[in-house]
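Per the working numbering, the sequence shown starts with residue 13, numbered consecutively. A short write-up of the structure that comes next.
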Amino acid sequence: MSWRAVVVDDEALARERLRTLLAEWPAVELAAECRDGVEAVDAVTGLSPDLLFLDVQMPELDGFGVLRALDGHEPLPETVFVTAYDRYALQAFEVHALDYLLKPFTRRRFGEAMEHVLARLAQRASGSPPGVAGLVRSLGEERPERVAVRTTRGVEFVKVGEVAWVEAEGNYVKLHTTGGAFLLRRTLKAFAGQLDPRRFVQVHRSALVNVDRIARLEPWFHGEFVVIMDDGTRLASSRTFSAALRRLAG
């Protein structure tokens, strides 16, 4: 099966770089190259590509403006942002971009993005729920596989499956992972709404846990539990949220 891609970048060298790399992936046909956001909107509406490589900063209409202009067009392509600026990463993932390539990127990094893209396109073709369909108007419906967080080293991408538990800290959440803790500017309620409820269960008004990382549940008073995580962390459940834990316990 072959897929069609559209490349959007106002720099000719950047388009050439993507064209060269895409040539190494015979399953993907380059359907069009666009120099700005206006051309991108015309190309997507006219060609209905499967994949969109999209720059952020462009004259007339930026990358996010392109997605807003395409609101209502079906099917929307899977979108990979390609930019020299890391400050847009969080915004890109909030609109459910499939990946975020930070210039200059290596052939290996491009290959990782392509493997992710082809896996998602194959999933779509098999009839599974589409990845970026309803990209702008369906914010929050797609379950992210990774979360972009700012650290002192730049923007890092945390796999959701590696998050053991999530702690509320005002307008932020702290993601506790095997690789450390990361702060994300999002409320617990908003973040929980993006997660698969079969994988993450809220145990307290300020904490939710990855059920795969629960080592055991210890009964406590009034039908509540102490949740023991596989790293030894102990979290007390509240009565409001204990029902979900009772279902886990059978």
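We put the beta carbon where it would ideally sit given N, CA and C, even for glycine.
Residues near residue i by beta carbon distance below 6 Å, same chain, minus five either side
i: residue 21; result: 27, 67
i: residue 180; result: 200, 218
i: residue 65; result: 19, 30, 92, 94
i: residue 70; result: 22, 48, 49
i: residue 16; result: 41, 43, 61, 62
i: residue 100; result: 68
i: residue 184; result: 195, 197
i: residue 37; result: 126
i: residue 102; result: 160
i: residue 46; result: 20, 52, 55
Check whether residue i and residue j have beta carbons under 8 Å apart
i: residue 114; j: residue 129; result: no
i: residue 170; j: residue 178; result: no
i: residue 39; j: residue 55; result: no
i: residue 189; j: residue 167; result: no
i: residue 81; j: residue 88; result: no
i: residue 245; j: residue 194; result: no
7 Å Cβ shell around residue i - same chain, five flanking residues per side excluded
i: residue 215; result: 221, 239, 247, 249, 253, 257
i: residue 33; result: 119, 122
i: residue 231; result: 237
i: residue 77; result: 49
Cβ-Cβ separation, residue j to residue i (assumed contact under 8 Å), whole Å
i: residue 107; j: residue 30; result: Contact doesn't hold; Cβ gap of about 20 Å is too wide.
8 Å Cβ shell around residue i - same chain, five flanking residues per side excluded
i: residue 213; result: 220, 221, 223, 253, 256, 257, 260
i: residue 9; result: In the structure as shown, the chain starts at 13 and stops at 262, and residue 9 therefore has no counterpart that could be examined.
i: residue 226; result: 239, 240, 241, 242, 260
i: residue 151; result: Caution is warranted here: a pLDDT of 36 is assigned to residue 151, below 50, making its placement in the model unreliable, and the coordinate value is therefore given only provisionally. Closer than 8 Å at the Cβ level, and outside the excluded window around residue 151, lie 106, 107, 108.
i: residue 228; result: 240
i: residue 158; result: 105, 169, 170, 171, 172
i: residue 57; result: 82, 85
Buried versus exposed call for residue i [16 or more other C-beta atoms within 10 Å across all chains shown]
i: residue 75; result: buried
i: residue 62; result: buried
i: residue 165; result: exposed
i: residue 51; result: buried
i: residue 206; result: buried
i: residue 202; result: exposed
i: residue 90; result: buried
i: residue 25; result: exposed
i: residue 104; result: buried
i: residue 112; result: buried
i: residue 197; result: exposed
i: residue 210; result: exposed
i: residue 143; result: At residue 143 the pLDDT is 38, less than 50, meaning the model places this residue with poor confidence; the figure from the coordinates comes in the next sentence. Under this definition residue 143 is a buried residue.
Proximity test, residue i beta-carbon vs the ligand NAD heavy atom, cut-off 7 Å
i: residue 201; result: Among the components modelled here there is no ligand, and therefore nothing to report on the ligand NAD.
Any chain C beta carbon closer than 8 Å to residue i
i: residue 120; result: No chain C is part of this structure, which consists of one protein chain only.
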